[in-house]
Every structure is written in structure tokens, then in C-alpha cells.
Amino acid sequence: MSDRLGERWLQAAYAGAPWLVALRPLEMLYRWVIRRRAHAYRSGQREVWRAGVPVIVVGNVTLGGTGKSPLVAWLARHLTAQGWRPGIVSRGYVGQPAAGEHYPLWVTAESPVAQSGDEPRMLARQTGVPVVVDPDRPRGAQMLVEQGCDILLSDDGLQHLALGRDIELVVVDGRRGFGNARCLPAGPLREPLTRLATVDAVLINGEPAFCPPDKAWIFHLVPGRWRRLATGITADLQPLPFIGPVHAIAGIGHPQRFFDTLSELGVTFEPHAFPDHHHFTAQDLTFDDDLPVVMTAKDAEKCSTLHNENIWVLEVEAEPPPAFVAWLETRLAEAAGSGTVDKS
Numbered sequence: 024m025s026d027r028l029g030e031r032w033l034q035a036a037y038a039g040a041p042w043l044v045a046l047r048p049l050e051m052l053y054r055w056v057i058r059r060r061a062h063a064y065r066s067g068q069r070e071v072w073r074a075g076v077p078v079i080v081v082g083n084v085t086l087g088g089t090g091k092s093p094l095v096a097w098l099a100r101h102l103t104a105q106g107w108r109p110g111i112v113s114r115g116y117v118g119q120p121a122a123g124e125h126y127p128l129w130v131t132a133e134s135p136v137a138q139s140g141d142e143p144r145m146l147a148r149q150t151g152v153p154v155v156v157d158p159d160r161p162r163g164a165q166m167l168v169e170q171g172c173d174i175l176l177s178d179d180g181l182q183h184l185a186l187g188r189d190i191e192l193v194v195v196d197g198r199r200g201f202g203n204a205r206c207l208p209a210g211p212l213r214e215p216l217t218r219l220a221t222v223d224a225v226l227i228n229g230e231p232a233f234c235p236p237d238k239a240w241i242f243h244l245v246p247g248r249w250r251r252l253a254t255g256i257t258a259d260l261q262p263l264p265f266i267g268p269v270h271a272i273a274g275i276g277h278p279q280r281f282f283d284t285l286s287e288l289g290v291t292f293e294p295h296a297f298p299d300h301h302h303f304t305a306q307d308l309t310f311d312d313d314l315p316v317v318m319t320a321k322d323a324e325k326c327s328t329l330h331n332e333n334i335w336v337l338e339v340e341a342e343p344p345p346a347f348v349a350w351l352e353t354r355l356a357e358a359a360g361s362g363t364v365d366k367s
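When you line the sequence shown up against our numbering, it's residues 24 to 367, in that order.
Put into C-alpha cells, the structure is as follows:
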């Protein structure tokens, strides 16, 4: 029930529901807390740990899905192709170590999702680079450096200021934008929009329905292939590997984006939206028919043990513009040539 209420509140925040004005006194308190916290790190009252290698933070200023994880995966593959040895450090939302295990938690494609969280395991499977989960990001980052990583990606790490960073990338959903532009709990913002002036680049997922901020590039999520969850067998996008209509499952931050992609691919489907990071059970995927089920790669990580032979996964990839790639190469060359940049 709480998940459903949270989803309703998030929809209201993006739509700018009038009743949210009643929460503005709490918003002012929230803004004061995050200002005080940021000042503590800037002034040295709180310690910022330096990894000794370049650190790229990929995060959001909004709640809800933006397409951040596919961009992290693209960055990991791109950096590997350029000769770097990247590692990914993540909070591991909803994951918990098993009895006898402790953070930092090393994540592989076979890690139980209840321990690793869905996104870290998906990133490990998609990229093949080292992935570590730890609520204490400096501790997790240190493990990656000790294992030989020479550049780090901090997934959803914009607000985790204890880890020093050299490049900050903010990902924004092009359609939903910044909602009513208010901070929690009166709106969907984790930080005021003035925060965008201090980051290095803003990546907008899809054509924006708002005036883009400075330092912004537009990227797209491009469908790549279908994967049968039970066997791992892959298929081209067209022709569709299943016949007739399907049930479309989406337990991500912005389910409509997935449903829109299916429509663009010519898939006839019945949509089933779940809260972000929903813990799927076999009952969630049981319907009064034998139609196939299609889902996102993130949801598939949580459904891999359900032994449903009729699930197809749509794999998507981020496709940044060449101008952003060139900018990134310049920044990385600067980091490699002069050491990491102090941005605390």
C-alpha cells in the first residue's frame, strides 16, 4: 500500500497537483537541511574521501526513473573500449547482504538480487566490469581501486557527497522534466534546480518538453534485442519473437516510457505498471491466459528465479550524441594528464 501511495504522490508532484502547496513549509525545512549538509562538506566539517583515480558521478535531481542506468552501462562499456579499467559503486537500493556477509558487497550477474539490488546486478551482467554495493560509497570505491580499477562510476551518487568526484552528470527525463520544480515533499526534486549550475553536464533522455538548461545534451534509449529470460536466447527486434498480444510488465521509475517503446515496436499489449523496485512474485505474472510476458531488463533481474518459460526481456542501450562523447574524451584526457580535479 505504501508503494502505491508513493507512486500516486510522485504522479501528483510531476503534474503539479494544487494540494501539494500545503507541503511547502516542509519543503523549506528540507531545503535548509540539504543546504546545511552541502556546506558541511564544502567547508571541511565533513570529510570528502578522494579515490586517487577519476570519479564520474551519474545521478538525478529528481525522483523517479530517468534512464540513468542505461547511461551508466554505456559509460562502462565506452570506458573499457578506450582502455580504462572502470568499476561501478552503487548504494544497492533494497538489497541486503546475506547472513555472515558484509559490505562492501561484490556483485556479479549471479548474485542474489535480494542482496545486490536489481540495478547493480543488471549493470554487472550488462557491462562485465566490477560492481560493488555499499551504502558507504567511499568504502565501496576503495575496494574497487584496490582491485585495480583506474576510473570509477558512482551510480545514483549525486547526493552522496562523502565520495569526491571529478565529473558530475545529471540525467533528466525529457518528457517529465522537473515536474512542478519544487523540492521534497512538495515536489519531485531531490535538490533545487540551482544545483544544475554546479554540475558538469545534463543528459536529457529524449526530446525535452521543457527549455533545456545550460550544458545539456539530448540522448536516446534505443531498443537493441529481445532476450528469453528462461534460456538467455536472444532475438532481433523484428520480426517479433512472440505471436499475438502480450502482457507488459514495468516496475521501474517511469513505466510509461517502456510502454511507449513497445508501441513504437508494434507490440500489442496489456500494460501492468508496478512501483519502482517492486519485488515480483509468481502471482504478479499469473494471468487468466497463456499470453507471453514482456518486461524491462531491470525487472528481469528480480524475475529470473520465477521459472516462467514465457517471459521476454527488451534490452535497451543509451545512445549519447557525438558532441557529448567528444566532450567526455576531453575531460578524461584532462583528468589523466593532470590528476583528479577537486570539486568538493
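Note that beta-carbon positions come from the ideal geometry of N, C-alpha and C, so glycine has one too. Predicted model, so just to flag it, every value in this text is computed and none were measured.
| Item | Value |
| --- | --- |
| Residue of E293, R213 and W350 minimising C-alpha distance to V195 | R213 |
| 7 Å Cβ cutoff met for H153 and Q165 | Before going further, note that residue 153 is Pro rather than His in the sequence given. No, the pair does not count as a contact, with Cβ atoms beyond the cut-off. |
| 8 Å contact criterion, which L207 and V80 should meet: CB distance rounded | The pair is not a contact, with the Cβ atoms about 20 Å apart (cut-off 8 Å). |
| Span separating the alpha-carbon of L186 from that of E70 | 9 Å |
| Secondary structure of G29, DSSP reduced to three states | helix |
| Residue of P344, A104 and A323 minimising C-alpha distance to I334 | A323 |
| Where S327 falls: helix, strand or coil (DSSP) | coil |
| Chain-order list of residues whose beta-carbon lies under 7 Å from that of V168 (same chain, five-residue window excluded) | A74, G75 and V76 |
| Where L192 falls, given that 16 or more other Cβ within 10 Å makes a residue buried | buried |
| Simplified DSSP state of R114, which is helix, strand or coil | coil |
| Beta-carbon gap between H277 and G29 smaller than 7 Å | no |
| Min CB distance D283 to chain C below 7 Å | The chain inventory of the structure shown lacks chain C, comprising one protein chain alone. |
| Cβ neighbour criterion (16 or more within 10 Å) applied to D157 | buried |
| Cβ-Cβ distance between I266 and V316 below 7 Å | no |
| Alpha-carbon spacing of P262 relative to W249, whole angstroms | 11 Å |
| Segments assigned beta strand (DSSP E), at least 3 residues, entirely inside the segment 274-302 | 292-296 |
| Option in R58, L33 and P41 with minimal Cα separation from T217 | R58 |
| Beta bridge counterpart(s) of M318 as assigned by DSSP | I272 and V336 |
| Local Cβ density within 10 Å of A99, reported as buried at 16 or more and exposed below that | buried |
| CB-CB length for F242 against A341, believed under 8 Å | 6 Å |
| Simplified DSSP assignment, three categories, for T131 | coil |
| Between the CA atoms of R188 and K366 - distance to the nearest angstrom | Caution applies to K366, whose pLDDT of 41 falls short of 50 and renders its modelled position unreliable; the value that the coordinates give is listed next. Each residue's Cα considered, the two are about 6 Å apart. |
| Beta-carbon spacing of Y64, L184 below 7 Å | yes |
| Cα-Cα separation, W32 to T131 | 34 Å |
| Separation of A96 from T150, as counted between CA atoms | 6 Å |
| Extent of the continuous alpha helix (DSSP H) to which L368 belongs | Shown here, the chain extends from 24 to 367; a query on residue 368 therefore has no answer. |
| C-alpha gap between G106 and L355, whole angstroms | 12 Å |
| Buried/exposed call for H330, threshold 16 Cβ in 10 Å | exposed |
| CA-to-CA distance, W129 to L308, given in whole angstroms | 30 Å |
| Under the three-state DSSP convention, the category V78 falls into | strand |
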